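S.K.:
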Amino acid sequence: MQDRVVVITGGAGGIGRACVEAVLDGGGRPVVVDAAPGTAEVPHYQADVTDEERLAVVMADVAARYGRIDVLVNNAAVVRSGDVEETALDDWALLWDVNVLGYVRATRAALPYLRRSEAGAIVNMSSFTAAAGFRRRVAYATTKGAIEALTRALAADLIADGITVNAIRPGTVDTALLASLAAAAPDREAARATYAARQPTGRMVSAAEVAHAVLFLADPVNRSTTGAVIAVDGGISDTRSTPMD
Ligand SMILES: NC(=O)c1ccc[n+]([C@@H]2O[C@H](COP(=O)([O-])OP(=O)(O)OC[C@H]3O[C@@H](n4cnc5c(N)ncnc54)[C@H](O)[C@@H]3O)[C@@H](O)[C@H]2O)c1
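Quick note: the sequence shown uses full-length UniProt numbering, first residue 1, plus one each step.
1) The alpha helix (DSSP H) spanning Leu94 covers which residue range?
2) Could you give the DSSP three-state label for Asn99: helix, strand or coil?
3) Ignore the nearest five residues each way along the sequence and tell me which others in Tyr195's own chain have a CB closer than 6 Å to its CB.
4) Considering just the uninterrupted stretch of the alpha helix (DSSP H) at Thr172, what are its terminal residues?
5) Given this structure, state the Cα-to-Cα distance separating Ala146 from Ala155, to the nearest angstrom.
6) So, is Arg17 buried or exposed, given that buried needs 16 or more other C-beta atoms within 10 angstroms?
7) Indicate whether at least one CB of chain D lies closer than 7 Å to the CB of Glu41.
8) What does the alpha-carbon distance come out to for the pair Leu181 and Gly13?
9) Does the Cβ of Val173 lie closer than 6 Å to at least one heavy atom of ligand 1?
10) On the DSSP letters alone, give me the boundaries of the alpha helix (DSSP H) that Met59 sits inside.
11) Under the three-state reduction of DSSP, which class applies to Ile69: helix, strand or coil?
12) Out of Arg152, Ala121, Arg135, Ala160, state which residue places its alpha-carbon closest to the alpha-carbon of Val214.
13) Considering only their Cβ atoms, is the gap separating Thr201 from Gly162 smaller than 7 Å?
14) Please report the Cβ distance between Gly28 and Asp3, rounded to the nearest whole angstrom; I am assuming they are in contact, meaning their Cβ atoms lie under 8 Å.
15) In terms of residues, what are the limits of the alpha helix (DSSP H) holding Ile15?
16) Buried or exposed for Thr239, please, with buried defined as at least 16 other CB atoms from any protein chain shown within 10 angstroms of its CB.
17) Expressed to the nearest angstrom, what Euclidean distance is found between the alpha-carbon atoms of Pro37 and Val20?
18) Cβ of Val57 within 7 Å of Cβ of Pro43?
19) Given a cut-off of 7 Å on the beta-carbon distance, is the pair Gly227 and Arg152 in contact?
20) Hey, is Asp245 close to ligand 1, as in C-beta under 6 Å from one of its heavy atoms?
21) With burial defined as no fewer than 16 other Cβ atoms inside 10 Å of the residue's Cβ, what is the status of Val6: buried or exposed?
22) Cα separation between Ala131 and Arg198?
23) Considering only residues of the region 117-178, which uninterrupted beta strand (DSSP E) runs meet the minimum length of 3 residues and lie entirely inside it, listed in chain order?
24) How would you call Met8, buried or exposed, if buried means at least 16 neighbouring beta carbons within 10 angstroms?
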């Protein structure tokens, strides 16, 4: 990862922040793009992924200031709970605008610079809700399903440019995003316990575990993994741990 410039959208949040630390530990140079304000420790651009013009300015400035962009981690997303009727159409539109078109906008803005990298990579943050049906997550789940399809199609388009495109599918991770869901529940602590218990491993996935997988996909040594979805999910997508005997 030595000196690789890694742009992380949503880098001020739980998983994004862990990615920043993993890139720093690996000798790379993380740059955060987030709607929230940053701190002085890490290069930070305050930008909303719904603002295409601002993203173009940000990526151009990153490339000018740090000389290159090697990796884009599309990670900024929002969540709303509800079934198909109780989720307002405005919330459907917001989730698609941030969670899907936000990834598309950041990708379009970063591509001219990723093409100049010797080993360009895009890592898209998906979710286990793309793979398994969970109650009251219908709008969010559809955005994550779209991200996994986007990842495969984009990977095919960008093979000729030498850019890998992959997705990470985290399980339940203890971050502000999860806290916002727990806060909306009648009993916050009971909700948190349920989130841990629903993981087949019985514990939440750590943000550092997710960041470790991001680092694997961002590593210039790894040029043969593309169009893949890597689960870091404690088995929640694909296993059932109920005893059979
Ligand atoms: N926490 C989980 O259990 C979990 C599980 C599966 C997948 N994920 C995915 O992981 C990613 C990160 O989630 P997290 O749990 O770290 O969330 P988080 O809420 O802790 O952080 C999200 C970050 O994105 C930023 N952001 C939100 N909207 C933005 C916008 N429009 N423009 C720019 N920045 C914006 C926020 O300011 C925040 O810093 C998301 O894609 C999420 O869907 C999370």
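Every residue gets a Cβ at the ideal spot worked out from N, C-alpha and C, and that includes glycine.
All figures in this text were calculated on a predicted structure; none of them were measured in a lab.
M.R.: According to the structure data:
1) 89-96
2) helix
3) Thr172
4) That residue, Thr172, is in no alpha helix (DSSP H); it is neither H nor E in DSSP.
5) 14 Å
6) buried
7) Among the protein chains of the structure shown there is no chain D, as only one such chain exists.
8) 15 Å
9) yes
10) 52-66
11) coil
12) Ala121
13) no
14) 7 Å
15) 14-25
16) exposed
17) 15 Å
18) no
19) yes
20) no
21) buried
22) 15 Å
23) 121-125, 164-170
24) Here the sequence assigns Ile to residue 8, which means Met is not the residue at that position. Buried is the call here.
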